[in-house]
Amino acid sequence: MQPKVACFILFTCLSTAFAQPPGGPGPGGAAGDRIWQRNAFYGEAQTFDACIGHQPGNGTYHHHANPVCLRAQLGDNIELVRSTRIGDIYKEKPAPYAHSPILGWAFDGFPIYGPYGYSDSKDAKSAVRRMASGYRVRNITERTSLPDWALPIHNGVSQQLTAAQYGPKISTLYPIGRYLEDHEWVQSVGDLDQYNGRLTVTPEYPQGTYAYFITIDDKGTPAFPYIFSGQFYGTVSGGTARTIPDSAADYFNGTLTQAASTAPALAAWSIKNSKQTALVTSGYEPTTGPKTTWPTDVPSGVVISGGSSTPLLAEVQRLRFTDSTVYMNSNGLGSYVMGPWFAMDMPGGVFNNFPSNQSFQIQLPRAPVAATTKSATGGGTQGIWVNGVSMFNAIDGASYSVASGADAGGPVVVPSSVHVSGASFEQGPSAPGSLMAAFPMFGSVLATSTETASSAVWPTTLGGATVTVKDSRGVERAASIYYASPGQINYRIPSDCALGFATATVKVGSSSYAGALNIRNAYPNIFMANASGLAAATLTRVSGTVQTSEAVSQSPVDLGPATETVYLVLYGSGIGDQSSATATIGSVKADVLYAGAQGTYQGLDQYNVAIPRSLIGKGKVEVVLTVSGRVSNTVNMNIK
12 MQPKVACFIL
22 FTCLSTAFAQ
32 PPGGPGPGGA
42 AGDRIWQRNA
52 FYGEAQTFDA
62 CIGHQPGNGT
72 YHHHANPVCL
82 RAQLGDNIEL
92 VRSTRIGDIY
102 KEKPAPYAHS
112 PILGWAFDGF
122 PIYGPYGYSD
132 SKDAKSAVRR
142 MASGYRVRNI
152 TERTSLPDWA
162 LPIHNGVSQQ
172 LTAAQYGPKI
182 STLYPIGRYL
192 EDHEWVQSVG
202 DLDQYNGRLT
212 VTPEYPQGTY
222 AYFITIDDKG
232 TPAFPYIFSG
242 QFYGTVSGGT
252 ARTIPDSAAD
262 YFNGTLTQAA
272 STAPALAAWS
282 IKNSKQTALV
292 TSGYEPTTGP
302 KTTWPTDVPS
312 GVVISGGSST
322 PLLAEVQRLR
332 FTDSTVYMNS
342 NGLGSYVMGP
352 WFAMDMPGGV
362 FNNFPSNQSF
372 QIQLPRAPVA
382 ATTKSATGGG
392 TQGIWVNGVS
402 MFNAIDGASY
412 SVASGADAGG
422 PVVVPSSVHV
432 SGASFEQGPS
442 APGSLMAAFP
452 MFGSVLATST
462 ETASSAVWPT
472 TLGGATVTVK
482 DSRGVERAAS
492 IYYASPGQIN
502 YRIPSDCALG
512 FATATVKVGS
522 SSYAGALNIR
532 NAYPNIFMAN
542 ASGLAAATLT
552 RVSGTVQTSE
562 AVSQSPVDLG
572 PATETVYLVL
582 YGSGIGDQSS
592 ATATIGSVKA
602 DVLYAGAQGT
612 YQGLDQYNVA
622 IPRSLIGKGK
632 VEVVLTVSGR
642 VSNTVNMNIK
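Using this note's numbering, you'd call the opening residue of the sequence shown number 12 and step up by one each time.
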């Protein structure tokens, strides 16, 4: 049985992205002129994992913005959309909201809450809503002056800059928002002050406290300044603890050493997973899942930094305290799965820095005070999340250099392209012949017009763009293109590409935008019909000599009478040179009657899977394929 694919499935899935592509890290801002400091969420987002975390070469895993996986663990108004091979995808829950928990502590000792607080800062009975940042993008056409909030962190620099201090012209290459100073704080815009906090009552502080808040926009996307801005509100007396006084009492050291405290500075820490081994998923082989040592699959010739060859415990390992200070020890690793990380300019598209044991010993004041003279947050660790993971601010280590006419320091930020599966929209390895989707990075424009291939034989030039794949042997081949637009190209990797690291280059006129590929013999991906992972598939019912077909929808599938057999016909890409597969539906083994080319469209795979009748009444079930030992992305369906 090999029914043909319904055309609407192919067209819908190839021309619609259900996830945005991900967008190197490090403390600093010391390079360049240090006036126009690059925004980490702009320059480093390509290397964030699903938890919005990553690490520089020294292995300090950290978050610059909204720590979604920690929030999920703490129940902070967030819900799981679906799980993927490269991490869990979350979204904000709809109202009504609960007040956010304490997510971390800044080095001035004040708490950092999630995005939700009381609408009336003085009334704990008032409605809870999202705390809006007071920052917005400046309405400027030239970068010739500094915003008010940034003046204290630019010592000796006047607000009106000299020509030698101007930033780059605003353009697609240097868009507004690329630099911290592209933002202004306006008192009437949001709920929070210029430090990204406010004086407020909270569940932990019914009498009131100063508190910072994580900021996101109404779509759940991190909003500048993300955690806190250029200065601390309080006097900074926290940081690395060189010595701990003998008088410090243990509060937690593997177990609670005394009765649980109601003091927020002790009670807010995440210790329930402290005996759990930290887990990391590698970008080289995401299908092998998370590992307790990492990385374990580095290809020959690739240079990495960080990593761990022995299992490490996650979260806070020890808490001690005196009347004035809390002392925290951790390995700097979360108990959620970290990684994988990707970068368009590194071998195979994998970001080659990995987290390592940081052996943090941090001290924080128990009675923080507002600072008369505010101090700059700087780069690097500025606080600690309640699970013992490092907290960075919005600095990414680079700033604009007038002399060179470009940014200096920090990660590489050049116009380029990022390449994902055209079926799952996940990053990771690809197989020869796979359908892919390319997205622009850092000001690139991938086509001059929007155009779709007019037949099943796709051209090698579309919308003014071409895609060339250079394989590990140095052979270049033109890829066939299905869809082209300035913001997305869907193409097929040539089926005769050699295995190994490759480069895919989108060329538009005189401009070229490269991205890295990691080509393996097989890497199965299944098409999805929506962001929740509903299978973009058909059902074929066979009853005697009668055969009917219908599209899979959110409605529960009726498997019919015992005399009827129902087949799930899945469409995907990445089977490579393989011709067999295994499948599970709802964790139950299901027979795969056919696995291979769909036949009409090159690069499109088809899997005919018999749905086990033992699944009747199971409701929503997950569907997973395995090809050549590699599992596919997970899709789902409903069974009546």
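No residue lacks a Cβ here, since even glycine has one placed at the ideal position from N, Cα and C.
Going by DSSP, V92 is part of the beta strand (DSSP E) stretching over 89 to 95. Under DSSP, D616 shares a beta bridge with G583, A608. Its Cα nearest to that of Y244, the residue P122 stands out among P122, E153, R45. Here the alpha carbons of A490 and W47 stand approximately 40 Å from one another. Using a Cβ-Cβ distance cut-off of 8 Å, the segment 195 to 209 and the segment 141 to 160 are in contact, since at least three pairs of beta carbons, one from each stretch, lie closer than that value.
DSSP places A51 in the uninterrupted alpha helix (DSSP H) bounded by 51 to 54. According to DSSP, residue pairing for N364 in a beta bridge involves S316.
When the alpha-carbon of G607 is set against those of L157, A419, S584, the nearest one is in S584. When secondary structure is reduced to three states using DSSP, L85 falls in the helix class. About 23 Å separates the Cβ atoms of P422 and V348, ruling out a contact at the 8 Å cut-off. Restricted to the segment 508 to 549, the beta strand (DSSP E) segments that are unbroken, complete and at least 3 residues in length are 511 to 519, 522 to 530, listed in chain order. Around the C-beta of D418, 16 or more other C-beta atoms lie within 10 Å, and the residue is accordingly described as buried. Pairing A476 with V519 gives a Cβ-Cβ distance under 7 Å. Each of V397, A405, F453, P67 was checked against the Cα of A387, and the nearest Cα belongs to A405. Judged by beta-carbon spacing, S346 lies beyond the 7 Å limit of Q438, meaning their Cβ atoms are not closer than that value. With a contact defined as Cβ atoms closer than 8 Å, Y494 and T463 qualify at about 5 Å. Counting C-beta atoms within 10 angstroms of its own C-beta, I627 has fewer than 16 neighbours from the protein chains shown and is therefore classed as exposed. Contact annotation, G511 with A449: C-beta distance approximately 20 Å; criterion of less than 8 Å not satisfied. Residue state for Q176 is assigned as helix, using DSSP reduced to three classes.
P275: member of the alpha helix (DSSP H) spanning 275 to 278, first to last residue. When the alpha-carbon of N342 is set against those of A325, T273, P358, P470, the nearest one is in A325. Between V563 and I596, the beta carbon gap of about 12 Å keeps them out of contact (Cβ cut-off 8 Å). Note that the segment 197 to 215 touches the segment 235 to 244; at least 3 beta-carbon pairs, one per stretch, sit closer than 8 Å. With distances taken between CA atoms, G399 lies nearest to M339 out of M339, K102, G359, G571. With fewer than 16 other beta carbons inside 10 angstroms of its own, V200 counts as exposed.
The C-beta separation of S455 from S427 comes to about 6 Å, placing the pair in contact by the 8 Å criterion.
Note on geometry: alpha-carbon atoms of A601 and A621 lie some 6 Å from one another.
For the alpha helix (DSSP H) assignment, the uninterrupted runs of no fewer than 4 residues enclosed by the segment 241 to 326 are, from N- to C-terminal side, 275 to 278.
Scanning its chain for C-beta atoms nearer than 8 Å, with the 5 sequence neighbours on each side dropped, one finds around G68 the residues G37, S316, G317, N364, in chain order. Separation of the CB atoms of K631 and N647 is rounded to 6 Å, and the pair is thereby assigned contact status at 8 Å. In the displayed model, S412 falls within a strand according to three-state DSSP.
From the listed residues I650, A42, G43, Q57, the smallest Cα separation to G350 is found for Q57. When only Cα atoms are considered, Q589 and Q609 end up about 13 Å apart.
By the C-beta density criterion, T336 is buried, having at least 16 other C-beta atoms within 10 angstroms. Scanning G312, R329, W305, R331 for the CA closest to the CA of S320 turns up W305. Of the candidates E90, H110, P107, the residue whose Cα lies closest to the Cα of Y101 is E90.
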